[in-house]
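Residue numbers (the working numbering), protein chains in the order written: chain X, 15 to 279; chain Z, 5 to 310.
For glycine and all other residues, C-beta sits at the position ideal for the given N, C-alpha and C.
Here the structure is a predicted model, which is why all the values come from computation and not from measurement.
Here's the structure, in structure tokens; my notes come after.
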């Protein structure tokens, strides 16, 4: 990795990362702030009472009246994972295939820097942003929960924040692999978002069909969230699968970028 | 000792299109090579292969014996200014140059500041707001500032105003005098003629002529224009001479004789007439270049033969 390239990668993401970060923290804080009024009204359980149990489970609304169920249903089951995965996809795509499409990679790669080092430094920049935002959203829950009487353990918050990070990084790794193979940015987006949609569908929707429930185990969403990290804490197996898949995808990206022709704008 | 650039049988295909075809090219240390050809001739693709940005389909390219695609360190000795220039719009000019310097590990900051001054670069400005010419000046400073052993310049004066062009050509001359090898790809033939001691002409991906600039000009037919004191003699008297390629009579007192080889027989023949004036301008590079492009041998046929 190269410090100058990392700095430039971070600089390129700075503005958009700030906007993403502020939005995520604001969303997180506002959800926590709703807890006192909604819990006191007793309407939370009744809101999901009419839904089929499988659908409740698929939407992450299990035990919606409890603090953990409330946070899962409103943040960690769909919304924050979606934001982290979209962020990982968009930022990584802009720094790899997007930069190549725009012709900016050419001048950089004409300098005495190895292509995998350029990719790895940019990957590290995206990972750093995802890590900071995962920590920021986790810290927001940790700080605001006591203020709004939402009883949730710090270990659970840390574990689920880590899951958000890994989900975002999985998408970033997928984009790195696709960009390394030489796909243009719009194609990379299409493939990465299709994988994201398929992974969510396999994890959350296919189990509704019953017979396809086993397929969920192949989804990174299952690896990240299947063990209910907010209540059950850190899941070694799921995390190991996410780390291994990220490493594999990153290796594909770093190997394939080495010798291929760089596109001109 | 291997030359600065050695291309052997270099070929690049994009699908069914052959952009560069079995190209052989050498550039020795301290040589300024003019690389000329029209748009789409394969100049930029060749240059991109030289920098390891484009993987050859066949053949090889070496910089001082190293493969630029596999050995990124060899690019530390190369300064590059691309034809299609895309800078990072988010940075200032100073930040751009500083960043390139850090990635090169070998910037001569004093020389960089001198170049900034001579080319009129404004370091405090945001790249986003720069004109094409000003962006090119930034790229030229970036290419030159580490005093590389090899400069690869693709249309370096595109968008520069005449004064800056002049200054840049002076800087280029100084670099060449100091022993820097230069590959200068340009449409501006007068510019190439001014600084290059060798020229390679590329047509449809293949080198059609190369050698010292003077030799390329010397290989061309010379055109003699003779104005006679009275009526010009019949053109047939001259077209019968060995060496005469074409004889025209633009006016009753004038003959235009296109001649190949030593002019002694022609001068002897002309000596028999009362001549008012005789001119034979030296063919310039542009004429040489056009001669390679006005050769009507069908490209498709040549490609089929190969």
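Residue closest to residue i, alpha-carbon to alpha-carbon, out of the options
| i | options | result |
| --- | --- | --- |
| residue 190 of chain Z | Z/179, Z/181, Z/156 and Z/183 | Z/156 |
| residue 250 of chain X | X/120, X/174, X/35 and X/21 | X/174 |
| residue 258 of chain Z | Z/71, Z/31 and Z/281 | Z/281 |
| residue 31 of chain X | X/97, X/90, X/215 and X/77 | X/97 |
| residue 109 of chain X | Z/92, Z/263 and Z/231 | Z/92 |
| residue 85 of chain X | X/242, X/268 and X/36 | X/242 |
| residue 79 of chain Z | Z/225, Z/63, Z/108 and Z/97 | Z/108 |
| residue 244 of chain X | X/156, X/64, X/203 and X/35 | X/156 |
| residue 137 of chain X | X/263, X/50 and X/273 | X/263 |
| residue 70 of chain Z | Z/236, Z/95, Z/248 and Z/11 | Z/11 |
| residue 236 of chain Z | Z/201, Z/277 and Z/215 | Z/277 |
| residue 230 of chain Z | Z/216, Z/219, Z/253 and Z/244 | Z/253 |
| residue 73 of chain Z | Z/52, Z/168 and Z/210 | Z/52 |
| residue 116 of chain Z | Z/88, Z/137, Z/175 and Z/202 | Z/175 |
| residue 140 of chain X | X/204, X/186, X/255 and X/53 | X/186 |
Pairwise C-alpha distance: residue j and residue i
| i | j | result |
| --- | --- | --- |
| residue 301 of chain Z | residue 212 of chain Z | Caution applies to residue 301 of chain Z, whose pLDDT of 47 falls short of 50 and renders its modelled position unreliable; the model cannot decide the point. |
| residue 22 of chain X | residue 279 of chain X | 20 Å |
| residue 152 of chain Z | residue 20 of chain Z | 36 Å |
| residue 16 of chain Z | residue 143 of chain Z | 26 Å |
| residue 242 of chain Z | residue 251 of chain Z | 7 Å |
| residue 266 of chain X | residue 132 of chain X | 15 Å |
| residue 114 of chain Z | residue 179 of chain Z | 15 Å |
| residue 271 of chain Z | residue 119 of chain X | 60 Å |
| residue 260 of chain X | residue 103 of chain X | 13 Å |
| residue 146 of chain Z | residue 167 of chain X | 54 Å |
| residue 123 of chain Z | residue 246 of chain Z | 53 Å |
| residue 86 of chain Z | residue 160 of chain Z | 8 Å |
| residue 304 of chain Z | residue 50 of chain Z | Because the pLDDT of residue 304 of chain Z is 38, which lies under 50, any placement of that residue in the model is unreliable, and the number read from its coordinates should be weighed accordingly. Approximately 21 Å, taken between the alpha carbons. |
| residue 309 of chain Z | residue 145 of chain X | At residue 309 of chain Z, the pLDDT of 36 sits below 50, so the modelled position is not reliable and the matter cannot be decided from this model. |
| residue 47 of chain X | residue 38 of chain X | 14 Å |
| residue 265 of chain Z | residue 248 of chain Z | 9 Å |
| residue 171 of chain Z | residue 125 of chain Z | 12 Å |
| residue 261 of chain Z | residue 276 of chain X | 51 Å |
| residue 27 of chain Z | residue 91 of chain X | 59 Å |
| residue 141 of chain Z | residue 164 of chain Z | 8 Å |
| residue 220 of chain Z | residue 168 of chain Z | 29 Å |
| residue 274 of chain X | residue 57 of chain Z | 8 Å |
| residue 253 of chain X | residue 177 of chain X | 8 Å |
| residue 218 of chain X | residue 230 of chain X | 8 Å |
| residue 16 of chain X | residue 135 of chain X | 6 Å |
| residue 137 of chain Z | residue 158 of chain Z | 14 Å |
| residue 306 of chain Z | residue 37 of chain Z | Unreliable positioning characterises residue 306 of chain Z in this predicted model, as indicated by a pLDDT of 38, which lies under 50. The coordinate reading is nonetheless provided below. Approximately 26 Å, taken between the alpha carbons. |
Beta-carbon proximity check, residue i vs residue j, cutoff 8 Å
| i | j | result |
| --- | --- | --- |
| residue 95 of chain X | residue 239 of chain X | yes |
| residue 60 of chain Z | residue 14 of chain Z | yes |
| residue 98 of chain Z | residue 128 of chain Z | yes |
| residue 111 of chain X | residue 198 of chain X | yes |
| residue 209 of chain X | residue 233 of chain X | no |
| residue 40 of chain Z | residue 196 of chain Z | yes |
| residue 131 of chain Z | residue 96 of chain Z | yes |
| residue 202 of chain Z | residue 184 of chain Z | no |
Closer than 7 Å at the beta carbon, the chain X residues around residue i
| i | result |
| --- | --- |
| residue 84 of chain Z | 124 |
| residue 73 of chain Z | 273 |
| residue 94 of chain Z | 25 and 26 |
| residue 55 of chain Z | 124 |
Residue(s) in a DSSP beta bridge with residue i
| i | result |
| --- | --- |
| residue 70 of chain Z | Z/67 |
| residue 261 of chain Z | Z/228 and Z/251 |
| residue 85 of chain Z | Z/157 |
| residue 133 of chain Z | For residue 133 of chain Z, which the question treats as bridged, DSSP gives no partner whatsoever. |
| residue 204 of chain Z | Z/39 and Z/214 |
| residue 242 of chain Z | Paired residues: none, contrary to the question. |
| residue 11 of chain Z | Z/29 and Z/65 |
| residue 204 of chain X | Paired residues: none, contrary to the question. |
| residue 283 of chain Z | Z/229 |
| residue 22 of chain Z | Z/17 |
| residue 186 of chain Z | Z/36 and Z/155 |
Cross-chain neighbours of residue i in chain Z, by beta carbon under 7 Å
| i | result |
| --- | --- |
| residue 128 of chain X | 76 |
| residue 22 of chain X | 103 |
Contact list for residue i against chain Z, beta-carbon separation under 8 Å
| i | result |
| --- | --- |
| residue 18 of chain X | 103, 106 and 107 |
Beta-carbon neighbours of residue i, restricted to chain X and to distances below 9 Å
| i | result |
| --- | --- |
| residue 80 of chain Z | 125 and 126 |
Amino acids of chain C, ordered along the chain, whose beta-carbon sits closer than 9 Å to that of residue i
| i | result |
| --- | --- |
| residue 279 of chain X | This model lacks chain C altogether, as its protein chains are X and Z. |
Neighbour list for residue i in chain X, Cβ cutoff strictly below 8 Å
| i | result |
| --- | --- |
| residue 58 of chain Z | 275 and 276 |
Proximal residues of chain Z, C-beta to C-beta of residue i below 9 Å
| i | result |
| --- | --- |
| residue 136 of chain X | The contacting residues do not exist; residue 136 of chain X stays about 13 Å from chain Z at best. |
| residue 116 of chain X | 90 |
| residue 287 of chain X | Since the first residue of chain X shown is 15 and the last is 279, residue 287 of chain X is not available in this structure. |
| residue 263 of chain X | By Cβ distance, chain Z contributes nothing, its closest Cβ being about 23 Å from residue 263 of chain X, past 9 Å. |
The ligand ZN heavy atom lying under 7 Å from the CB of residue i
| i | result |
| --- | --- |
| residue 133 of chain Z | As far as ligands go, the structure on display features none, and thus does not contain the ligand ZN. |
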